[in-house]
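One structure below.
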Amino acid sequence: FGQIGYLQDMQWPAFDAKNNDSADQPVGLIVKTRLAPDHTGILLVVTTPSKIFGNSWTTQREDIDSVVIQDRETGFVLVNSKFTSIAAPQESDSSVETVDYVLQLGEQYWQIKFGVKPTLVSKMLAAAPWAALGLILLLTIAAAGIARRKHKQDLALEEMSKNLEGAHTELQSKISERDKLFHALRKSEREYKAVINSVSDVIFETDEIGRLMFLNETWKKMTLREVTDTVGESLFSMMDDQQKQRDMFEELVRGERQAYRTETRLNLGHDSFKPVEVAFSMLRMTEDKSIRVVGTITDIEKRRRAEMAVREAEQRFRAIFENSVSGIYQISADGRFISANMALAEILGYGTPGELMASITDIGSQLYVRPEERREFVQKLLFEGRVAGHEAEVKRKDGKPMWLMQNARVVRSEKGGVEYYEGSVWDVTERKEAEEAMRHARIQAEISSRTRMEFLANMSHELRTPLNAVIGFSEIIKDEVMGPIEVRVYKEYAQDIYDSGNYLLKIISEILEVSKIETGNRELNVSNFRLVRALKACVTIMGTRIEQAGVEFKINLPEELPELLAEELGFKQIMLNLIGNAIKFTPQGGKVTVNAGLDTENRMVIDIIDTGIGMSAEEIKKALQPFGKVDTSFSGMKAGTGLGLTIVESLVRLHGGEFTLISQKGAGTTARVIMPASRVLMPHVEVTETVVEAAPEEDSEKPHLKVVK
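Residue numbers (the numbering used here): 11 to 719.
Laid out in structure tokens, this is it:
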């Protein structure tokens with residue numbers, strides 16, 4: 011169609027409208043063409059589609075189903091033909107596709123639409139994707155089936171594996187349980203054997219004729235025979251009364267006798283027998299339907315000895331109970347006698363224990379003088395469980411009061427309840443009466459002593475007043491205050507009166523001091539002071555005596571000795587007494603030393619050491635007693651009152667300290683005063699020695715104190 015020349019070359023058959031059907035209707039073609047550069051020609055053609063396309067083309071092109079030629083500009087349909095080989099139109103096929111073309115003839119544009127039927131190849135090509143899809147689907151379905159079947163197989167294998175694993179686990183568990191059961195059985199068997207062999211009795215098993223089939227290890231301990239050597243022997247052949255035991259055994263096997271016990275003797279050989287108790291406990295049937303008899307053999311030799319010992323002990327303790335000099339009893343919780351011995355009945359004035367138990371049904375109200383004491387005693391007994399040395403006043407059968415001392419304890423049940431009280435009592439009436447008499451005597455003695463001390467104190471006050479006058483006037487006379495005395499002997503008499511008055515005043519002062527201490531009227535006037543100051547004051551007072559005695563006197567003190575918190579006057583009195591005694595009993599040329607320091611407990615220790623005649627233990631004991639005096643014949647001085655050491659000990663005790671005498675006959679004496687740490691104001695002391703020497707100077711009546719460090 012693209013070239014005019016093609017149209018010119020086509021052969022156009024004659025148009026016969028009558029002989030053409032609707033599939034080949036005539037159409038008109040107007041072709042406008044340029045014939046020359048300046049001329050235009052118009053070609054008018056009237057023909058049919060078969061003429062346009064030709065039979066050969068249409069027949070060869072079996073895929074062409076229809077042709078529509080349409081003016082593109084006006085939309086006028088020039089040709090609308092459906093054909094098969096042009097002359098034989100067919101029904102439209104849904105598989106026909108439309109293909110558009112545009113044909114230009116000069117300046118004319120025709121739109122040609124072909125209805126194209128698919129060919130076998132095109133159908134095959136068109137069906138190829140679907141076939142491939144179908145094949146893929148088939149393959150997919152087949153693969154899915156295979157996969158599903160494989161999955162089912164895998165699931166089945168997995169399930170089978172799980173089942174096998176479960177079966178394996180169960181099998182392992184069963185094996186483990188079997189092993190555990192086996193070990194438990196072995197352990198149980200060992201424990202069973204251990205228990206069987208640890209039993210103190212022989213456990214045996216015999217057949218129906220009495221032949222031993224089993225014995226535990228106790229058999230060897232009891233008879234000293236091996237178990238393996240004994241198994242298989244007849245049990246009755248070892249018994250002393252064989253026939254009797256065999257008859258009873260046969261009755262048991264026949265069911266004519268129940269399980270029983272019997273005492274017999276086992277023949278151990280060598281004419282040795284052991285008393286035993288044989289118990290046939292049960293019958294059992296073995297797997298082979300044979301009868302077994304199980305029993306025990308008990309060694310009753312120890313039991314017989316124990317029973318005999320118990321009987322002997324019971325007789326012995328009953329004898330003690332009945333013959334005891336102290337009362338022994340058991341009392342119920344409600345206050346009734348459960349048991350009582352003869353001694354208790356006699357103590358309370360009853361003829362027999364039976365009479366006592368029948369007469370007293372409530373101990374608190376019938377026996378005790380004060381019933382509340384019984385209730386207090388029971389409460390204490392319940393709280394403590396055991397009470398010893400309790401004293402109570404009770405009434406005898408005749409109503410006479412008496413004192414008892416008792417020890418008691420509570421006997422409780424397994425649940426903790428009180429079953430009864432038991433104990434023993436003693437009659438302590440005489441002792442209580444003696445104690446009461448002694449108490450009255452002590453009171454009377456204390457009253458007497460206090461009266462004596464008060465009398466001495468009063469007398470001391472009464473004597474000191476005129477004595478002070480005597481001392482004062484004698485001092486005036488001896489010192490010739492009112493003028494010289496022409497007769498010199500009068501002056502000597504005045505001196506003797508003065509010395510005797512001072513000595514008597516000293517005695518009265520000591521008696522007054524002791525009386526104050528004994529009556530508790532002595533109070534301490536406490537202050538802090540240094541020991542060296544107090545000792546220097548004492549040396550000043552004692553200077554004349556030291557010079558007259560002709561002894562060497564030294565005081566050794568640490569340089570910074572702590573102060574004391576005590577009564578300075580009382581402490582000086584202690585030192586004066588002790589230093590005076592040391593000088594008095596030290597021969598001429600001897601030595602008296604005062605040492606002081608702190609011990610490990612920070613107590614102040616003061617020692618007055620002399621090289622005098624010393625004392626024995628008996629003399630020390632005598633010297634420490636009030637008014638006790640040791641023989642002073644060696645000394646030219648007047649004897650004292652014997653109250654010096656008593657005052658020293660009392661004053662030291664008032665300060666909370668300790669006083670001791672350490673002496674040896676012929677080797678001197680050490681008087682030690684220990685003041686407690688609470689009286690020492692400085693706990694730490696640097697010790698350096700200070701020596702205070704007392705030595706008389708030439709042309710001097712009083713000693714000169716020289717301090718040597």
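For each residue, glycine too, the CB sits at the ideal point set by N, CA and C.
Just so you know, these numbers come straight off a predicted model, no measurement behind them.
Counted as a single uninterrupted DSSP element, the alpha helix (DSSP H) harbouring M318 occupies residues E311 to N333. With 16 or more other Cβ atoms inside 10 Å of its own Cβ, S484 counts as buried. Here Y360 is actually not in contact with S349; their C-beta atoms are around 14 Å apart, not less than 8 Å.
Measuring C-alpha to C-alpha distances from V435 to each of L358, E569 and I486 identifies L358 as the nearest.
Following the DSSP letters along the chain, one finds I589 inside the alpha helix (DSSP H) bounded by residues E578 to K594. Distance from the CA atom of E273 to the CA atom of E311, rounded to whole angstroms, is 11 Å. With distances taken between CA atoms, Q635 lies nearest to T670 out of T670, D617, G666 and V131.
Considered as a whole, the region 202-276 harbours 212-216 and 222-225 as its complete beta strand (DSSP E) runs of no fewer than 3 residues, in chain order. Of the residues R82, K127 and L135, the one whose Cα lies closest to the Cα of Q114 is R82. Under the DSSP assignment, M292 falls in the beta strand (DSSP E) whose first and last residues are S282 to M295.
The beta carbons of T240 and N207 sit no closer together than 8 Å. Inter-residue distance for N173 and R196 is about 33 Å (C-alpha atoms, whole angstroms).
Inclusion of A418 and E429 in the CB contact set at 8 Å is not warranted, their separation being larger than that value.
A contact between stretches requires three or more CB pairs, one per stretch, nearer than 8 Å, and the region 310-327 fails this requirement with the region 338-349. In this structure, A592 sits near D620, with a CB-CB distance shorter than 8 Å.
Beta-bridge partners assigned by DSSP to I623: none are found.
A direct Cα-Cα distance of roughly 30 Å separates G553 from L691. Cα atoms of D609 and T550: separation of roughly 28 Å, rounded to the nearest angstrom.
Judged by DSSP in its simplified three-state form, P381 adopts helix. In the DSSP secondary-structure assignment, D437 is bridged to L414.
Under the DSSP assignment, V542 falls outside any beta strand (DSSP E), being part of the alpha helix (DSSP H) whose first and last residues are L541 to A559. In the three-state DSSP reduction, Y339 falls in the strand class (E or B).
Around the beta carbon of N468, fewer than 16 other beta carbons lie within 10 angstroms, which makes this residue exposed. By the neighbour-count criterion, in which a residue is buried when 16 or more other Cβ atoms sit within 10 angstroms of its Cβ, Y111 is exposed.
Taking 8 Å as the cut-off, the beta carbon of L588 is found closer than this to the beta carbon of A681. Beyond the five residues adjoining it in sequence on each side, Y378 comes within less than 8 Å, by CB distance, of R384, A402, E403, V404 and K405 in the same chain, given in chain order. P411 sits exposed, since fewer than 16 C-beta atoms from the chains shown fall within 10 Å of its C-beta.
With a cut-off of 8 Å on Cβ pairs, the region 562-570 is in contact with the region 595-603, counting three or more such pairs. Beta-bridge pairing by DSSP links M685 to M614.
Closest in alpha carbon position to R267, among F465, G590, F290 and S673, is F290. Secondary structure at I672: strand, using DSSP grouped into helix, strand and coil. Annotated as distal: T233 and M223, with beta-carbon spacing of 8 Å or more. DSSP places R396 in the uninterrupted beta strand (DSSP E) bounded by R396 to K405.
Secondary structure at K160: helix, using DSSP grouped into helix, strand and coil. Ranked by how close their Cα comes to the Cα of S300, the residues Q253, G220, S688 and V237 have G220 in first place. DSSP places A368 in no beta strand (DSSP E) but in the uninterrupted alpha helix (DSSP H) bounded by P363 to S369.
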